[in-house]
Amino acid sequence: MRTHDAGTISVSDIDSEVTIAGWVQRRRDHGGITFFDMRDATGLVQVVADPHDHPIVDELKMEYCVQVTGKVTRRPEGTENPDLPSGLVEIGAENITVLAPAKTLPFMIDDRRDVDERVRLQHRYLDLRRPRMAANLRARSRATAAIRRTLDDMGFLEVETPTLINSTPEGARDMLVPSRLRHGEFYALPQSPQIFKQLLMISGVERYFQIARCYRDEDTRADRQLEFTQLDLEGAFWDRDDVLDTIEKVLAATVMEIRGEEIPLPFPRLTWHEVMNRFGVDKPDLRFGMEIVDLTDHVMDSEFGVFKGAIEAAGTVRGINAGRQEWSRARADALTDRAKELGARGLVWMVVEEDGTLRSPVAKFLSDSEQEAIKKAMDAAPGDVVLIAADRWRTTVEVLGGLRNDLGHPSGHDDLAFLWVIDFPLFEEDEDGSITFSHHPFTSPVSLEEMRERPETAISKAYDAVLNGVELGSGSIRIHDPEVQRQVFEILGIDRETAERRFGWFLEALQYGTPPHGGFAFGIDRLVMVLQGEASIREVIPFPKTQTGVDPMTGAPTWVEETQLAELGIDLTKEARARREEEEEPA
RNA sequence: GGGCGCGUAGAACAGUCUGGAGUGUUCGCCGGCCUGUCAAGCCGGAGGUCGCGGGUUCAAAUCCCGUCGUGCCCGCCA
Numbered sequence: 153m154r155t156h157d158a159g160t161i162s163v164s165d166i167d168s169e170v171t172i173a174g175w176v177q178r179r180r181d182h183g184g185i186t187f188f189d190m191r192d193a194t195g196l197v198q199v200v201a202d203p204h205d206h207p208i209v210d211e212l213k214m215e216y217c218v219q220v221t222g223k224v225t226r227r228p229e230g231t232e233n234p235d236l237p238s239g240l241v242e243i244g245a246e247n248i249t250v251l252a253p254a255k256t257l258p259f260m261i262d263d264r265r266d267v268d269e270r271v272r273l274q275h276r277y278l279d280l281r282r283p284r285m286a287a288n289l290r291a292r293s294r295a296t297a298a299i300r301r302t303l304d305d306m307g308f309l310e311v312e313t314p315t316l317i318n319s320t321p322e323g324a325r326d327m328l329v330p331s332r333l334r335h336g337e338f339y340a341l342p343q344s345p346q347i348f349k350q351l352l353m354i355s356g357v358e359r360y361f362q363i364a365r366c367y368r369d370e371d372t373r374a375d376r377q378l379e380f381t382q383l384d385l386e387g388a389f390w391d392r393d394d395v396l397d398t399i400e401k402v403l404a405a406t407v408m409e410i411r412g413e414e415i416p417l418p419f420p421r422l423t424w425h426e427v428m429n430r431f432g433v434d435k436p437d438l439r440f441g442m443e444i445v446d447l448t449d450h451v452m453d454s455e456f457g458v459f460k461g462a463i464e465a466a467g468t469v470r471g472i473n474a475g476r477q478e479w480s481r482a483r484a485d486a487l488t489d490r491a492k493e494l495g496a497r498g499l500v501w502m503v504v505e506e507d508g509t510l511r512s513p514v515a516k517f518l519s520d521s522e523q524e525a526i527k528k529a530m531d532a533a534p535g536d537v538v539l540i541a542a543d544r545w546r547t548t549v550e551v552l553g554g555l556r557n558d559l560g561h562p563s564g565h566d567d568l569a570f571l572w573v574i575d576f577p578l579f580e581e582d583e584d585g586s587i588t589f590s591h592h593p594f595t596s597p598v599s600l601e602e603m604r605e606r607p608e609t610a611i612s613k614a615y616d617a618v619l620n621g622v623e624l625g626s627g628s629i630r631i632h633d634p635e636v637q638r639q640v641f642e643i644l645g646i647d648r649e650t651a652e653r654r655f656g657w658f659l660e661a662l663q664y665g666t667p668p669h670g671g672f673a674f675g676i677d678r679l680v681m682v683l684q685g686e687a688s689i690r691e692v693i694p695f696p697k698t699q700t701g702v703d704p705m706t707g708a709p710t711w712v713e714e715t716q717l718a719e720l721g722i723d724l725t726k727e728a729r730a731r732r733e734e735e736e737e738p739a
């Protein structure tokens with residue numbers, strides 16, 4: 153059907169007779185001569201035809217699927233297209249066959265125009281013909297190929313774990329699947345293969361990986377989908393650095409494969425406390441500064457009530473230098489609103505005037521020396537805007553970290569800033585004072601004593617990989633001692649009896665000579681998203697869902713037949729039935 | 001669950017603030033012209049439930065209320 157790929161035809165093919173097949177990108181009809189661009193998966197090549205000899209060219213329209221046979225010729229002097237890899241040559245059509253016509257398109261196969269995402273998803277098969285989307289698909293395939301190649305070379309075993317499992321305690325809501333054979337019981341789709349990979353360590357696999365589809369039934373975001381793909385990996389007899397070294401190699405190989413860039417190893421390793429203090433988020437974007445500065449000592453004696461209150465409550469006063477900003481009342485209000493959204497009760501702003509004085513609603517509460525100290529600490533020059541928050545430590549840094557991300561987010565440069573965040577707290581205290589695990593309950597504490605005596609400050613052997621402010625994934629050294637695992641469950645408020653009932657089978661497994669082990673999982677969608685310069689994970693997922701979990705093309709999720717429900721022992725609520733009747737009502 | 005934005009021809013938009021005839025632009029589509037274009041060009045044409053429902057008004061794409069869809073964010077989620 154074809155002898156050559158369209159995008160690869162070059163001067164070396166001149167005088168050859170070639171047959172290509174693909175899609176008509178565009179047609180340019182000049183009356184006595186007609187050009188059209190043929191596109192296949194490899195690229196474009198121009199075909200030239202005389203409509204008198206080939207009247208069929210008048211019928212060719214965009215996205216017709218066509219086969220062309222002809223002779224490759226050098227383009228006449230001055231008509232070369234330097235923007236096209238095949239632009240020095242063209243094909244003189246000898247035979248043109250329409251393999252399949254195309255309806256008028258819902259949108260053009262073109263990267264130059266942004267089409268509404270719903271329309272794109274409704275015709276995703278056409279959307280994926282666009283060069284940008286086709287490139288994303290290819291990048292993703294090359295990423296997984298590089299990952300497999302790297303890990304295979306290192307002796308890893310790829311093992312598939314089940315996707316119909318029981319509910320595991322990962323924190324997110326499980327996606328459930330009803331059992332037909334056991335009415336009322338449900339499988340859960342895995343949020344990660346966590347427990348199975350640990351069991352594989354007990355099985356003596358030693359080095360496991362899987363490119364695993366995972367499911368979390370939570371609201372979606374630009375970087376979150378109901379289902380997503382992770383590289384899941386685990387090693388026995390491993391310390392933390394074995395895990396980090398392995399993941400670094402995998403990421404470096406992937407970046408090399410997709411971008412041809414060497415990234416410096418090892419990645420910077422910053423503790424959770426350090427990144428929270430400096431950047432206010434546990435996934436900092438290191439491509440820009442605007443770091444958080446502690447001003448508490450400089451405003452100790454301030455009469456400003458908010459600062460006083462925060463300091464008296466053992467909180468903190470901190471700021472960021474947001475640099476030169478167009479400043480107005482509206483701007484100040486917008487940033488204050490954003491700060492409140494991030495958890496602040498308010499936001500203090502200061503503008504450094506040209507004469508060096510501070511313009512700020514709180515300037516009158518600050519002595520000259522305090523103002524000078526703040527300017528110096530913030531390294532603030534005339535024109536700079538300083539934003540200050542005062543609250544308990546966690547709130548203060550998180551608010552400033554959120555503002556830092558909003559204001560400093562670099563655009564237009566595609567550097568890659570990887571880092572590790574290490575030494576995560578083992579537990580997190582909720583607003584109501586209850587304690588939950590900050591990673592998952594199989595994460596090993598650094599110290600058992602610390603875990604028992606000061607759980608709120610205990611450090612875990614968990615670590616995150618971060619790229620350009622995106623959390624790629626996380627991992628940990630796991631608990632391999634069943635007694636320690638029981639104690640962690642206990643601290644989390646799961647009593648021995650419940651733990652035995654829910655995880656007894658796992659605690660049992662841990663008792664047969666479990667090797668010390670640890671591992672990691674990172675989101676392949678997110679990695680490819682960043683490497684491809686995309687702002688949304690949906691751009692690198694072939695068939696994603698909308699924010700309401702709908703696939704606009706297939707309509708999933710959909711109502712099912714009454715008989716299917718009966719087989720599953722499932723009845724719909726009155727509300728659901730009413731909604732179904734309404735939707736199924738013929739218009 | 002909540003906040004904000006968007007919804008006008010097949011696609012991307014302007015028009016909405018300040019109500020006055022579906023008014024317009026670019027691409028696509030249809031017809032015609034054109035022998036070196038490559039986002040071809042020129043001439044002509046078709047194409048509209050202004051998301052949907054209600055309200056205010058002499059009059060609504062425009063103002064108000066509700067609703068649906070969609071995106072970003074908070075909650076949630078690593």
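Residue numbers for the first sequence follow this note's numbering, so the first one is 153 and each next one is one higher. C-beta: ideal position from N, C-alpha, C; glycine also.
From residue i to residue j, what distance separates their C-alpha atoms?
i    : j    : result
S454 : Q477 : 26 angstroms
P738 : R729 : Low per-residue confidence applies at P738: pLDDT is 48, beneath 50, and the placement is therefore not dependable enough to give any value.
R444 : F308 : First, the amino acid is wrong: residue 444 is Ile here, not Arg. The straight-line gap from Cα to Cα measures roughly 42 angstroms.
G467 : I410 : 46 angstroms
V598 : E506 : 51 angstroms
R497 : A491 : 8 angstroms
H741 : D205 : Only positions 153 to 739 of the chain appear in this structure, which leaves residue 741 out of reach.
V136 : S519 : An answer regarding residue 136 cannot be provided, because it is not within the stretch 153 to 739 covered by the chain.
M109 : W390 : Here the chain comprises residues numbered 153 to 739, so residue 109 is not present and cannot be evaluated.
T448 : F517 : 15 angstroms
S168 : G184 : 25 angstroms
V458 : G495 : 15 angstroms
D305 : T398 : 12 angstroms
R392 : V357 : 18 angstroms
E232 : R270 : 38 angstroms
P436 : V427 : 7 angstroms
Q177 : I261 : 8 angstroms
Which word fits residue i, buried or exposed, when buried means at least 16 other C-beta atoms lie within 10 angstroms of its C-beta?
i    : result
E635 : exposed
T302 : buried
M530 : buried
S238 : buried
T609 : exposed
P360 : In the sequence under discussion, the amino acid at residue 360 is Tyr, which differs from the Pro named in the question. Per the 10 Å Cβ criterion, buried.
Q350 : buried
A374 : exposed
S344 : buried
N288 : buried
M190 : buried
K527 : buried
Q377 : buried
G387 : buried
Taking DSSP as the reference, what is the three-state secondary structure of residue i?
i    : result
R745 : Outside the shown range of the chain, which is 153 to 739, sits residue 745, and nothing can be said about it.
Y545 : With the sequence shown as reference, residue 545 is identified as Trp, and Tyr is not the correct amino acid for it. In the structure shown, W545 sits in a helix (DSSP, three-state: H, G or I).
T296 : helix
A614 : strand
V537 : strand
P738 : In this predicted model, P738 has a pLDDT of only 48, less than 50, meaning its place in the structure is not dependable enough to derive any value.
Q177 : strand
E409 : helix
T320 : coil
Y216 : coil
Y360 : strand
R226 : strand
K435 : coil
Please look up how many angstroms separate the CB atoms of residue i and residue j, rounded, as I've assumed it's under 8 angstroms.
i    : j    : result
G174 : D202 : The pair is not a contact, with the Cβ atoms about 21 angstroms apart (cut-off 8 angstroms).
A462 : A525 : Between A525 and A462 the Cβ distance is about 17 angstroms, and since that is not below 8 angstroms, they are no contact.
Compute the minimum distance between the beta carbon of residue i and the heavy atoms of the ligand NAD, and state whether it is under 7 angstroms.
i    : result
F641 : This structure does not include the ligand NAD; it has no bound ligands of any sort.
Quiz item: Three or more C-beta pairs closer than 8 angstroms, one from the stretch 650-669 and one from the stretch 365-385: is that the case here?
Solution: With the cut-off at 8 angstroms, the stretch 650-669 and the stretch 365-385 do not touch.
Quiz item: Is there contact between the stretch 571-579 and the stretch 602-622, where contact requires at least three CB pairs shorter than 8 angstroms?
Solution: The stretch 571-579 is in contact with the stretch 602-622.
Quiz item: Touch check for the stretch 668-684 and the stretch 617-629: three-plus C-beta pairs under 8 angstroms?
Solution: With a cut-off of 8 angstroms, the stretch 617-629 and the stretch 668-684 count as touching, because enough Cβ pairs lie within range.
Exercise. Would you be able to state if there are at least three C-beta pairs under 8 angstroms between the stretch 282-301 and the stretch 240-247?
Key: Three or more Cβ pairs closer than 8 angstroms define a contact, and the stretch 240-247 falls short of that threshold against the stretch 282-301.
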